[in-house]
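Residue numbers (this note's numbering), protein chains in the order written: chain A, 1 to 203; chain B, 1001 to 1203.
Data first, discussion second: the structure below is written as structure tokens.
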DNA sequence: GTCTATAAGATGATAGAC
DNA sequence: GTCTATCATCTTATAGAC
């Protein structure tokens, strides 16, 4: 929008990514791992290979504006992961269980550190940072609508699909937290099996 | 243990509560509302009507030791609430749904601020504060065992009861976060209905 | 046990050279 | 756009009088 990218679309291997994008990615990952209050702007800058001045150049609104961009970035990433998992099978019950399995594997491979990209920040800023709160709200709505669309596609009514999406999303979110604290895939896998059973209970 | 309570068991209305207990209660509530990193010790002391010196007198281990005590306090409170809800009906499916309803009402009455007493702190301190992490782990295990015992009592096998407890706890945790972000009881109520359906799916 | 004062360091944010 | 230096404030934690 207001940024000039330095490179083109890549030399063949990976796209050269500008400073702003590197800062947003670092912020998203750190917010996911340590939350909003526990993540300093200096650390974000260092991890992104940028200076504090550059961060404030791109985000004059400071930490809050940067957090909003980071949450929106995590929103898109998580939505993509959801879509991939949900497209992995024709049967919606199998698809949901695959989703849970995929989340469990990714969580283990990150050392149980990279869970939902918004939960921690959302809880920390409840009623204290409206912009961030709004970004988190939109992320959850987005993911719910991805799930709902998948259920509608399999023949559920709009209302049933919306409600099922609400429960499946909540269960996956809660199971992810539980798996992180237990340092075990089991909560996500068990919840995935039960969600599949719930989906099947209408057929 | 090492504390001398100032009063007795109360003059008839409410028990007089010592400084240590007031500090733990204030810390528990603030950790629940704002998380670990966002809550300063000075604020905890002020809310408890104590001085900083008193806090460090009772908790020489500093913020981390205080957080452990606060998490354990929240653990007991939440377990009591769970037990009350689960004892509200003979049918385990109805009991689970009542639980979700009770959580939704309490959450709304707190202005959407007082959700699960450990989620935020657990996520913020992942891999950074082992003592706190262990206290959160024990809380989740405790709640799961309260749920599991309720299902066993209704005739489920031990394995089925454990697995169902895992899913129901995860779903309630996730739905509570969703309800906080949406500022609506609906996610908790919908999830409660679906969990009841899941419980019934074996009968 | 309670209180005040203060140390030592980190934090978000800004200014201004280049 | 990038960099360094710096401000004002806040944080955890400690010391020591009472």
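Beta carbons: idealized from backbone N, C-alpha and C, even for Gly.
What you are looking at is a predicted structure, and each value in this text was computed from that prediction instead of being measured.
*Near residue 124(A), what residues of its chain come up, given a Cβ to Cβ distance below 6 Å and the 5 sequence neighbours on each side ignored?*
35, 36 and 37
*Can you list the alpha helix (DSSP H) stretches of 4 or more residues lying completely in the segment 1047-1115 of chain B, in chain order?*
1052-1058, 1062-1086 and 1092-1109
_Beta-carbon proximity check, residue 1169(B) vs residue 1147(B), cutoff 8 Å_ = yes
*Between the Cα of residue 191(A) and those of 93(A), 117(A), 133(A) and 160(A), spot the shortest distance and give me the residue it belongs to.*
93(A)
*asked:* Given the structure, does residue 51(A) come close to the ligand HEM, in the sense that its CB is under 7 Å from one of the ligand's heavy atoms?
replied: As for the ligand HEM, it is missing from this structure, which has no ligand bound.
*asked:* Which residues in chain B have a C-beta closer than 7 Å to the C-beta of residue 214(A)? List them in chain order.
replied: Residue 214(A) is absent from the structure shown; chain A starts at 1 and stops at 203.
_I need the DSSP call for residue 1167(B), collapsed to helix, strand or coil._
helix
*Against chain B: residues of the segment 95-119 of chain A by CB proximity under 9 Å*: 111, 112, 113, 115, 116, 118 and 119
_Cutoff 8 Å: residue 1068(B) Cβ touching any chain A Cβ_ = no
*Sequence-distant residues of its chain with Cβ nearer than 8 Å to residue 1097(B) (five each side left out)*: 1192, 1193, 1195 and 1196
*Below 7 Å between beta carbons is the criterion; list the residues of the segment 1178-1189 of chain B that meet it against any residue of chain A, in chain order.*
1178, 1180, 1181, 1182 and 1187
*Counting contacts by CB-CB distance shorter than 8 Å, is residue 1167(B) in contact with chain A?*
yes
*Do you know how far the Cα of residue 56(A) is from the Cα of residue 46(A)?*
13 Å
*Apart from the five residues on each side of it in sequence, which residues of its chain come closer than 6 Å, Cβ to Cβ, to residue 8(A)?*
Unreliable placement is indicated for residue 8(A), whose pLDDT of 39 sits below 50; no coordinate value is reported for it.
*Does residue 1197(B) come within less than 8 Å of chain A when only Cβ atoms are used?*
yes
*asked:* Contact between the segment 170-187 of chain A and the segment 1175-1190 of chain B is defined here as three or more beta-carbon pairs at a separation below 8 Å; is this criterion met?
replied: yes
*asked:* On the criterion of 16 or more Cβ atoms from any shown chain inside 10 Å, does residue 1005(B) qualify as buried, or is it exposed?
replied: Below a pLDDT of 50, predicted positions are generally treated as unreliable, and residue 1005(B), at 42, falls in that range; the measurement from the model is reported next regardless. That one is exposed.
*Using a Cβ cut-off of 8 Å, pull out every chain A residue sitting near residue 1127(B), in sequence order please.*
111, 112 and 113
_Which of helix, strand or coil DSSP assigns to residue 156(A)_ = coil
*Give the single residue among 1066(B), 1152(B), 1081(B) and 1053(B) whose Cα lies nearest to the Cα of residue 1105(B).*
1081(B)
*In or out: residue 28(A) buried (at least 16 other Cβ within 10 Å) or exposed?*
buried
*Name the residue from 1079(B), 1048(B) and 1111(B) whose alpha carbon lies nearest to the alpha carbon of residue 1066(B).*
1048(B)
*Residue interval of the alpha helix (DSSP H) (run including residue 1117(B))*: No alpha helix (DSSP H) holds residue 1117(B); DSSP gives it neither H nor E.
*Between the beta-carbon of residue 1064(B) and the beta-carbon of residue 1132(B), is there less than 8 Å?*
yes
*Any beta-carbon of chain B closer than 8 Å to the one on residue 201(A)?*
yes
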